[in-house]
Amino acid sequence: MSVPPGQAPGAETSAPAIADILRRLEAILETSSQQEMLLKLRTLAADIDLLVPYHDGHMIRVTCYALAIGDRLRLSPKDMLALEVASLLHDFGKLEVDGAMLEKEQGLDENETAEVRGHAEKGYRILSRYPRLEWAASIIRDHHERFDGQGYPGRKLAHSVSLLSRIIAVADAYDAMTTSRPYRKRMSHTLAVQELINNSGAQFDPLVVRSFFSSKDRESLGLSDRMQEHVA
Ligand SMILES: [Fe+2]
């Protein structure tokens with residue numbers, strides 16, 4: 026799928042494009058085979074990534090990171106399935122956010138900030154209409170909640186936020202930091218790791234951060250011994 030004709034990258038996603046995504050989602054949810062549903066959802070997520078400014082594979086990458094964390098936390102197959110579905114659709118609500126706001130994202134006024142942040146609630150509102158996605162919708166709504174209760178939309182404290190949302194929060198932040206945005210360049214892996222560590226216990230669940238950088242992956246992630254100590 027490509028960006029619909031007449032829609033410049035960064036423009037607000039057109040109503041027909043959103044309607045097409047919803048039609049495809051509804052067809053996918055009628056699929057009886059779980060494996061087939063996941064395969065089709067991955068394609069849908071990749072196509073949504075083409076519609077949302079700067080996403081460029083964001084939801085797919087976040088899903089890979091989230092599943093790696095889930096693996097390290099030894100989540101049950103049921104939770105891994107829930108984690109994959111929620112990760113693949115975690116920014117679904119951005120389809121209904123003004124693309125110009127998403128590209129700006131810095132120097133936003135109060136209303137613009139509320140518009141951008143509204144994507145979590147919008148994703149929940151749209152996806153909770155489908156009984157098969159009701160649980161995923163709640164996970165998606167909470168993916169910007171913080172461990173210290175200062176996140177959005179609900180300012181919920183860690184214990185009232187699903188572990189799956191806390192996993193997506195870390196995976197999402199790592200990908201956001203290590204990819205370029207219209208208003209800033211990508212951060213190096215090392216700096217992004219340092220940011221996650223610095224915000225462990227405030228923005229992020231320390232257990233999730235530790236799992237992301239577990240010792241068995243230290244080498245592949247380029248973590249120094251010193252950094253590993255900070256998350257151990
Ligand atoms: Fe988000």
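So for the sequence shown, the numbering used here puts the first residue at 26; every next one is plus one.
Ideal placement from N, C-alpha and C gives every residue a C-beta, glycine not left out.
Note that the structure is a prediction, hence the values are computed from the model and not measured.
Taking only three categories from DSSP, how would you classify residue i?
| i | result |
| --- | --- |
| Arg206 | strand |
| Ser190 | helix |
| Phe237 | helix |
| Phe172 | coil |
| Ser225 | strand |
| Met212 | coil |
| Tyr79 | coil |
| Leu47 | helix |
| Arg166 | helix |
| Asp230 | coil |
| Ser185 | helix |
| Ser249 | Below a pLDDT of 50, predicted positions are generally treated as unreliable, and Ser249, at 44, falls in that range; the measurement from the model is reported next regardless. Coil, per DSSP. |
| Pro41 | helix |
| Arg67 | helix |
| Tyr199 | helix |
Here's the rule I'm using: 16 or more other beta-carbon atoms within 10 Å means buried, otherwise exposed. How should residue i be labelled?
| i | result |
| --- | --- |
| Pro78 | buried |
| Ser236 | buried |
| Arg166 | buried |
| Ala40 | exposed |
Does the separation of the CB atoms of residue i and residue j fall below 8 Å?
| i | j | result |
| --- | --- | --- |
| Ala183 | Arg191 | yes |
| Leu113 | Leu189 | no |
| Ile94 | Ala196 | yes |
| Leu69 | Leu50 | yes |
| Tyr149 | Ala139 | no |
| Asp74 | His83 | yes |
| Glu137 | Met126 | yes |
| His168 | Ile151 | no |
| Leu106 | Gln59 | yes |
| Pro178 | Arg206 | no |
| Ala42 | Leu76 | yes |
Measuring straight from C-alpha to C-alpha, what distance separates residue i and residue j?
| i | j | result |
| --- | --- | --- |
| Leu54 | Ile85 | 19 Å |
| Ser213 | Thr203 | 6 Å |
| His144 | Ser239 | 31 Å |
| Arg251 | His80 | Note that Arg251 scores a pLDDT of 41, beneath 50, so its modelled location is shaky; the value from the coordinates is reported in the next line. If I take the Cα positions, the gap works out to 32 Å. |
| Arg211 | Leu64 | 29 Å |
| Leu66 | Val110 | 8 Å |
| Tyr155 | Ala44 | 15 Å |
| Asp123 | Thr38 | 8 Å |
| Leu120 | Thr215 | 31 Å |
| Ser153 | Asp116 | 14 Å |
| Asp104 | Arg209 | 35 Å |
| Gln1 | Phe172 | In the structure as shown, the chain begins at 26 and stops at 257. Residue 1 is therefore absent and cannot be evaluated. |
| Leu100 | Lys129 | 37 Å |
| Gln175 | Gln228 | 8 Å |
> Can you list, in chain order, the stretches of the alpha helix (DSSP H) that have 4 or more residues and sit fully within the segment 84-161?
Replying inline: 102-113, 124-129, 135-152
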